[in-house]
Every structure is written in structure tokens, then in C-alpha cells.
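**Student:** This is the structure, below, for whatever I ask next.
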Amino acid sequence: MVTKTSLGSLILIATLRVAIAAPPNVVVVLTDDQGYGDLSVHGNPYVKTPHLDALAKQSVRFNRFYVNSFCAPTRAALLTGRYPLRCGVWGVTHSKETMRASEVTLGEAFRAAGYRTGYFGKWHNGEQFPYTPPGQGFDEFLGFCNGHTNNYFDATLLKGSTPTPTKGYISDVLTDASIEFIKRNRAAKFFCFVSFNAPHSPYQVEDKYYDKFRAGGFDERTSGFYGMCENIDDNVGRLLQALDKADLAANTIVLFLTDNGGTAGVRHFNAGMRGGKTSVHEGGCRVPLFVRWPEQFQQPHVVKELASHIDIYPTLLDLCGIDPPDGPPIDGVSLRPLLEGRSADWPARTLFTHNPISADNRYPGAVRTARYRLVRTIRGPQGGSSAKPNDGSASKWMLFDMQADPGEKRDLAKQHPDIVAKLSQEYEAWYDDISREPLTRLPIQVGHAQENPVTLNAPQAYFEGNLRFDHGPGFAHDWLTDWNDMQAKVWFELDVVRDGKYEVELRYACPHADAQTKLRVLVADDDRTVHLSSADAPIVKLPHRDARSRERYVNRQWGGHSLGTFTLPAGKQRLQLQLISLGDARMVDLKSVRLTRLD
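Take any residue in the sequence shown, count from 1 to its spot, add 50: that is its number in the numbering used here.
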């Protein structure tokens, strides 16, 4: 016989079970260029990160968590659970960072499971739809799609695909947007990806953060970097406080991690590791991972087993009870046993790292086991990240015992040739496997209703002749300069998904242009010559803190000129530009081309 009391108890128990079984919300916080050593919880004596320190102590902390050693490859792996080369990602600019649209992302998996999905901040896996967050499963997007942005104050960001002015410091703006997303969706399930572009250069931050470190004797660059780290900490604190106020913290999975090793701070403190960003040594690839879920992981602990960026996708789907959508096979594994403290039966793992410098280089590369790190580098600046295709400067394999020598000071390759042979053979087989599909720069898709107009940026162009990028290899926001060669050509590879009439506009600089300054435009069967008007494109002052940023990150008030309306048939097309004459102009600087579909 069931009494009223026992019936009430049963109802209460059933209600509790339903509440406990409610799918968790997810908040992923990813920072850019912040290394393992750039947190006070990891022993940094200069930076104070109390909110992240508290999060770490409430979390399951992974002490051996590895990513790629620069931005875009790590992000592709996090989003898909697959090694970057499988996703078609093999660089950070020139569209080599663009992830194939056939990949299945966390955004797509969570949206298919009924979650509201939001992405706030830096993307860096494709600049145009459908390679952007709105095309990769995210209902809401505020941020930018390039590898970096030049201005962190009152920045113009993309809301969906629409450029939208914002007010305030960029990390604060992104945090505000994330909090509003959480508030609007508190009654539903939500997946919120917060991708801070700080502390990536240029080093720009408010005085109250910067002045503290300058007063402490740090140079401009480091003061800006460390100040940005402390601003991130304050914003993570605001995010966590928002979850508390909304009574969502208990059943929200919060992840904090970074995308590669540190930069400006590594010479001051790097937790004893060798290397930083771009290096395949420990300091370039080992980053923090904190995972907090109070309702399920009630005993915070430190995980010493190896884990990797490819594990985030299967782990989150597993924790949230989501069946993986149909798609390419994943490389990662669910970390649930380690999160739950069940490490006794966890198998030994071998992790691999490859810095995809070009489509033709097998190295730099590294192999990581619980004990050893095997490393092969390419000589050159920035850890060889500017190596040439088929670069022949790869070092011999180096072997380090990470238990006895965590700072990688003693190369043991000669003492243990058997270990070198075994691990290097595993690396070569692994690389052959992940690179089976040819790497190529994907054409830029135009004609989607979700993004009109479409901007084709200079670093996405192909060119021949006497041209160069103004700042080095042509990172985001650079432009082509010294265009005064009548034989030089610039072109963009397009994939027109909907035929029709398109207006083609140029953003450029061409001081002293006159009636004799002419440009040839070829697209499809249309070949025409247009006159270029004069455009000075003066430099816009930005709030940089250091000399290198002032030199490298430059904004200009670019001139604009319509080249006319062109009829583009569907399919693969090439849009080509060629100077016919300069007249009194010295040269042309090309910033971008914009295509607007008119019908």
C-alpha cells in the first residue's frame, strides 16, 4: 500500500532524478596565445589570475593536455575531434586555415541535439560562408573570422555576417555578448563557445591593466600581454558569476583551455618548459585544460594521463548524451573515465603533433608518450613556421625523457636509437594516414543568401609578378603592395553557388592616379578595362602599446571603387586583375575585392 507520504517521496525522488538527468549546458572558454605558464595557478609569479585559479581548483585539471602550436590547426581539431590535416587545415592564412565544409563541428552536433548554439570571438577556420560559424552550426555569432584583428577598442565585428560597430574593449564586449546569450537561453539547453582573441598581439589593453606591469619593470610588449591575461581573468570571473546568478552553475560544464603555447611571457616564466608558440617542444603544445561540472564531478582532482585537443569533441558529446552525427571518423576519445577518476584501466597513449607549415613538409613534428618526447624541427624564425615547401632543413630526431628531464635539455637520441626508431616509424605512419587527402586552398564561395556581399581579402589572392605583402608573409589584414608591374596578375578562385549579376568593388590605395591609370578585369567571359581614381588611404592611429605592433598591425582608410556589374555563371570561376597603365601613379596597394549579388 502506498501512503500519501511514500507517494510524495516517490514523486520527489522522480523529480530529482529528472532534474539530475537534465542535459547539461556547456561553456567553452578558449584564449589565444596564452601559454600554460601564463596563469598564477601554474606558478607564474607575475600574473595574478584569481578567477582562473579558483576555476582550476574546482575542476578536473589535466596536467598533460596537448594541442597544435599555433591557432587554426588547434581550433579545427577542437571543433571536430579530428587531426587538422584531415580537416583540410594546413596553415593560418591564405585560406590554408579554412576547414572543409564536410567536417562536422561541435556547433552542428549540439544544434542537431536541440541546443541553442553561440560562438563569440575569433574563429580562424574560414573567412566566408559556409566556412564561418553561421555555416558551421552556430545559431549566433559575434566576432571575426580572420586570424587576428588590428583594433581591440570599439572594434567592428561580424554579427552573423554583418559588420557591426561595438563599444568598449573587445574581450569585455565578447563577454557581455556571451552572458546575454546565456541569459536569453537559460530555460533551454545552450552551448556557448567563448573564443577570446586576447592575449594575441597586437598588445592593446586598458591602462589599469597595462600600467601595473610597466610600473613593475616589464617592457611595453610584456606589460600589454600580461595586462591582457589579467583582463581575461576578470572576464572569466564575470562569466562564472553570470552562471551563478542564473542558478545554472551546477549543471553547466565549463571548459577552459588555450590554443597554443605562450608568446610574450615565456621568457619571464614558462613553467620550466622548452619552447613557445610555433614550437613542437613541450612549451609550444602543452596548455591548460580545466573541466568543471559541479553536479557530476564533485571531487576535483588532477589528471596526469595524456590528453589532446582531438578529445574535446567526443568528450562533450559523451557527457551530454549526444549521439555523434554522421560524418567523417574522429580521432579523439572520450575523457569521461579520467574525469570520473577512473584512470586504473586507462590505456597508454601516443600523441602526435605536426605543424602544417606547407602542404609538402612532414615536419616539424613530435611524438609524445607518457615518458618520452621525440622532436624533429625545421630551422628558421618562429620555430620554422615560415619554412618553404619541401624544406630540407629538418633536424635529426631528438629524444627527451620527460620524467627525468622535463625541460628537454639532454638529447638522448644516440643513447636510445631503438626508441627513436620505434617512435619515428609511428610518426611517419601517422602522418601518411592523416595526409591521405590532398591539401588545397578551397575556392571562395559567393552567392549564398547568408552572406552578401562577400569580401575577398588580399591574403586569399593568388598572384604572380613583382608584388609582395606589406607586412611579411601576408597574415590577416595585410595587403598587396608595390603593384607597378604591367605583367603582374592578381586573381581569386571562386565557387559561384548561384549565378546572376554581381557588382565588383575594389578597396585599394593609388595616390596620384589620373585618367591613364587603368585596370583590366577578367571574369568568366567578361574582359573589360576600367579607370582607377586616385585614393590616398591614410593610416589610422591604433592604440598599440609596443613598437612591433605599431609596425606590423596597420589600419588604413582605404579607397573604394566600383569596377562595374558582371554576370557570373554558377561553378568555378576566376576573377583576375591586371594593371594596364599607371599614368602618374607610383603603384597600387590592393586590400580587398567585394562582390555583391544584385538579383
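We put the beta carbon where it would ideally sit given N, CA and C, even for glycine. None of these values were measured; they are calculated from a predicted model.
Look at Phe188 and Gly157 and say whether their C-beta atoms are less than 8 Å apart.
**Tutor:** Going by C-beta atoms, Phe188 is nearer than 8 Å to Gly157.
**Student:** In terms of alpha-carbon separation, which member of Tyr477, Trp447, Ile484 and Gly457 lies closest to Pro467?
**Tutor:** Checked all of Tyr477, Trp447, Ile484 and Gly457; the closest Cα to Pro467 is Trp447.
**Student:** Mind checking which residues open and close the beta strand (DSSP E) that includes Trp541?
**Tutor:** Lys539 to Val546 is the span of the beta strand (DSSP E), which, as asked, contains Trp541.
**Student:** Once DSSP output is grouped into helix, strand and coil, what is the label at Met278?
**Tutor:** Residue state, collapsed to three classes: helix.
**Student:** Is the region 160-167 touching the region 129-144, taking contact as three or more C-beta pairs under 8 Å?
**Tutor:** At 8 Å Cβ cutoff, the stretches do not touch.
**Student:** Helix, strand or coil for Lys658, going by three-state DSSP, please let me know.
**Tutor:** For residue 658 there is no data in the structure shown, the boundaries of the chain being 51 and 649.
**Student:** Could you tell me the boundaries of the beta strand (DSSP E) in which Ile380 lies?
**Tutor:** Premise fails: Ile380 is in no beta strand (DSSP E) and is neither H nor E.
**Student:** Out of Pro493, His498, Asp634 and Gln500, point me to the one whose CA is closest to Tyr512's CA.
**Tutor:** When only C-alpha atoms are compared, the closest one is Pro493.
**Student:** Between the region 490-506 and the region 536-549, do at least 3 Cβ pairs fall closer than 8 Å?
**Tutor:** Taking 8 Å as the limit for Cβ pairs, the verdict is that the region 536-549 does touch the region 490-506.
**Student:** Using only alpha-carbon positions, find the residue among Asp381, Gly131 and Val78 that is nearest to Phe246.
**Tutor:** Ranking the options by Cα distance to Phe246, first place goes to Val78.
**Student:** Which same chain residues, not among the five before or five after Gln432, have their C-beta less than 6 Å away from its C-beta?
**Tutor:** With a pLDDT of 49 at Gln432, under the threshold of 50, the predicted position of this residue should be treated as unreliable, and no value is reported.
**Student:** Less than 7 Å between C-beta atoms, sequence neighbours within five positions excluded: which residues of the same chain meet that for Thr124?
**Tutor:** Cβ neighbours of Thr124 beyond the five flanking positions: Val117, Asn118, Asp309, Asn310 and His359.
**Student:** Quick one: measure Cβ to Cβ for Phe231 and Glu190, integer angstroms, because I've assumed they're closer than 8 Å.
**Tutor:** About 6 Å; that satisfies the 8 Å criterion.
**Student:** Assuming Glu153 and Thr130 are in contact, meaning their beta carbons sit under 8 Å apart, how far apart are those beta carbons, in whole angstroms?
**Tutor:** That pair is a contact at about 5 Å.
**Student:** Which of the three DSSP states, helix, strand or coil, is assigned to Ile372?
**Tutor:** In the structure shown, Ile372 sits in coil (DSSP, three-state: anything other than H, G, I, E or B).
**Student:** Which residues mark the beginning and the end of the alpha helix (DSSP H) in which Ser474 is found?
**Tutor:** Looking at the DSSP string, the run of the alpha helix (DSSP H) that includes Ser474 is Pro467 to Ile484.
**Student:** Are the beta-carbon atoms of Leu307 and Phe347 separated by less than 8 Å?
**Tutor:** No, these two residues do not count as a Cβ contact at 8 Å.
**Student:** With DSSP collapsed to three states, give me the class of Pro180.
**Tutor:** The answer is coil: DSSP assigns Pro180 none of H, G, I, E or B.
**Student:** Classify Cys137 as helix, strand or coil using the three-state DSSP reduction.
**Tutor:** Helix, per DSSP.
**Student:** In its own chain, which residues sit with a C-beta less than 7 Å from the C-beta of Ala321, not counting the 5 before and 5 after it?
**Tutor:** If we look at Ala321 and ignore the five residues flanking it on each side, its Cβ neighbours are Tyr86, Gly87, His92 and Gly93.
**Student:** Using a Cβ-Cβ cut-off of 7 Å (strictly less than) and excluding sequence neighbours within five positions of Tyr181, which residues of its own chain qualify?
**Tutor:** Around Tyr181: Thr148, Met149, Ala151 and Asn175.
**Student:** Just to confirm, are Arg647 and Thr505 a CB contact at a threshold of 8 Å?
**Tutor:** In this structure, Thr505 does not lie closer than 8 Å to Arg647 by Cβ.
**Student:** Is the distance from the Cβ of Ala538 to the Cβ of Leu569 below 8 Å?
**Tutor:** No. Outside cutoff.
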